[in-house]
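Take a look at the structure below.
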Amino acid sequence: MYLIKGFKGIDWLILMFGIIVLFTTAFNSQGYFHGDEHWQVLEFASYKAGHTPQNQLPWEYNEQIRPAIQPFIVYTLMNVLPDNTSPFTVVLILRLFTALGAFAVLCMSFKALNVLKVKNTIEILLIVCSFWFLPFLCVRFTSENCSGICLASCVFLVIINEEFLMIKHYLIIGFFLGLAFLFRFQCGLSIAGFIMWLMFIKKVKIKDISILTLVIFLVICLGFCIDRWFYGEWTNTIWNYFNTTILIDNAPDFGSKQWYFYFIKIIERSFFIDGIIILSFLMLYLKAHS
0 MYLIKGFKGI DWLILMFGII VLFTTAFNSQ GYFHGDEHWQ VLEFASYKAG
50 HTPQNQLPWE YNEQIRPAIQ PFIVYTLMNV LPDNTSPFTV VLILRLFTAL
100 GAFAVLCMSF KALNVLKVKN TIEILLIVCS FWFLPFLCVR FTSENCSGIC
150 LASCVFLVII NEEFLMIKHY LIIGFFLGLA FLFRFQCGLS IAGFIMWLMF
200 IKKVKIKDIS ILTLVIFLVI CLGFCIDRWF YGEWTNTIWN YFNTTILIDN
250 APDFGSKQWY FYFIKIIERS FFIDGIIILS FLMLYLKAHS
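This is the structure:
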């Protein structure tokens, strides 16, 4: 109720439209968008449930570089549901779960834009909602989505409650930042930037930063316990990932791309007009802040 409290008129209609689109997309999506969405999550959970042989798991399992939080969520869901539940039903529930998270971020973004007194809020959100691929991507139970939802929630929570941030807010923020890191280790750089933003821009007290950091540490410790459950031994997946993919570069050769690769893909992978609009907004933003 907190998320939708205070909305009325056109804001309410846009939010209702958003949740309908997200849920409709979740129900009509099939398969996976990227291989990792299946092999690094569903197959790992299937292995732990006794359905997939260990020798059929991808190389990341033997290297112990993947955090087990997502397989743990899937495994838990599989055990809560009746034994004869279809795997497709399990995946549908995961998509609905992710869609709810995306909807929560949408509601918080509305509140944040109002707090910041951003002009043309409705127009901005309508333009963003016109990008057809956003709901398609937002319902995927991927590490990128889960991590992004957690991180965005923290940013919006600070903006919405900036004038009266309390201990409970820092506990919540620390918890979700810890989850964001567990879902995707690369998010650690964004989390570090977020904490520096709190310290040097928002002037948050050291005491509150310490509480937030402590909660992040405790969540990461919980992640170690989940990894212990999954791999059958104590292991540091954070170090394993960094060591394997960065220091010794032992990951399979996926190739490298030029710096402008993503700019081309924005146009190529989306509808051409949408791609142009995205890049135009980026250029206007950079020009306005240069």
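In numbering that gives the first Met the number 0, the protein residues as written are 0 to 289.
Glycine included, C-beta positions come from ideal geometry on N, C-alpha and C.
Rounded separation between I194 and P81 - CA only = One C-alpha to the other measures close to 42 Å.
In chain order, what residues of the same chain lie with their CB nearer than 7 Å to the CB of M321, ignoring the 5 residues before and after it?
-> Since the first and last residues shown for the chain are 0 and 289, residue 321 lies out of range.
L99 to S142 span [Cα, whole Å] = The alpha-carbon separation between L99 and S142 amounts to approximately 15 Å.
Starting from the C-beta of I225, find all residues in its chain whose C-beta is less than 6 Å away, skip the five residues before and the five after it, and write them out in chain order.
-> A67, I68 and F71
Using a threshold of 7 Å, state whether the C-beta atoms of I173 and I215 are closer than that.
-> Ile is not the amino acid found at residue 173; the sequence shown has Gly there. In this structure, I215 lies closer than 7 Å to G173 by Cβ.
Just confirm the distance between the C-beta atoms of L181 and I219, as a whole number of angstroms; I'd bet it's less than 8 Å.
-> 7 Å
Can you check whether the CB of V73 is closer than 7 Å to the CB of A44?
-> yes
Can you round the beta-carbon distance between F155 and M77 to whole angstroms, since I take them to be within the 8 Å contact cut?
-> No, F155 and M77 are not in contact; Cβ-Cβ is about 32 Å, not under 8 Å.
By a C-beta neighbour count over all protein chains shown, 10 Å radius and 16 as the cutoff for buried, is K47 buried or exposed?
-> Buried, by the Cβ-count rule.
Assign Q55 to buried or exposed, taking buried as 16 or more other Cβ atoms, counted over all protein chains shown, within 10 Å of its Cβ.
-> Result: exposed.
Could you tell me which of I247, L105, A191 and I210 sits nearest to G17, measuring between CA atoms?
-> L105
Cβ pair V303, T236 closer than 7 Å = Here the chain has residues from 0 to 289 only, and residue 303 is not among them.
Between the C-alpha atoms of Y31 and K202, what's the straight-line distance to the nearest angstrom?
-> 42 Å
Under the three-state reduction of DSSP, which class applies to L56: helix, strand or coil?
-> coil
Candidates I64, M165, I13 and K118, of which the one nearest R183 by Cα | I64
Where the alpha helix (DSSP H) containing F241 begins and where it ends | T236 to F241
For the alpha helix (DSSP H) containing G177, list its first residue and its last residue.
-> I166 to F182
Straight-line gap, F26 to L91 (C-alpha atoms, nearest Å) | F26 and L91 have their C-alpha atoms roughly 7 Å apart.
Residue of L246, W233, L95 and E162 minimising C-alpha distance to V114 = Ranked by Cα distance from V114, the first of L246, W233, L95 and E162 is E162.
Rounded to whole angstroms, what's the CA-CA distance from T244 to W238? Just pull it up for me.
-> The straight-line gap from Cα to Cα measures roughly 10 Å.
Going by other Cβ atoms of all chains shown within 10 Å of its Cβ, with 16 needed for buried, is G192 buried or exposed?
-> With fewer than 16 other Cβ atoms within 10 Å, it is exposed.
Which runs of the alpha helix (DSSP H) fall wholly inside the stretch 32-95 and span at least 4 residues, in chain order?
-> 42-47, 58-62 and 68-79
Anyone know if the C-beta pair for I159 and K118 falls short of 7 Å?
-> no
Which of the three DSSP states, helix, strand or coil, is assigned to W11?
-> It is helical.
Label V40 either buried or exposed according to how many other C-beta atoms from any shown protein chain fall within 10 Å of its C-beta, with 16 as the threshold for buried.
-> buried
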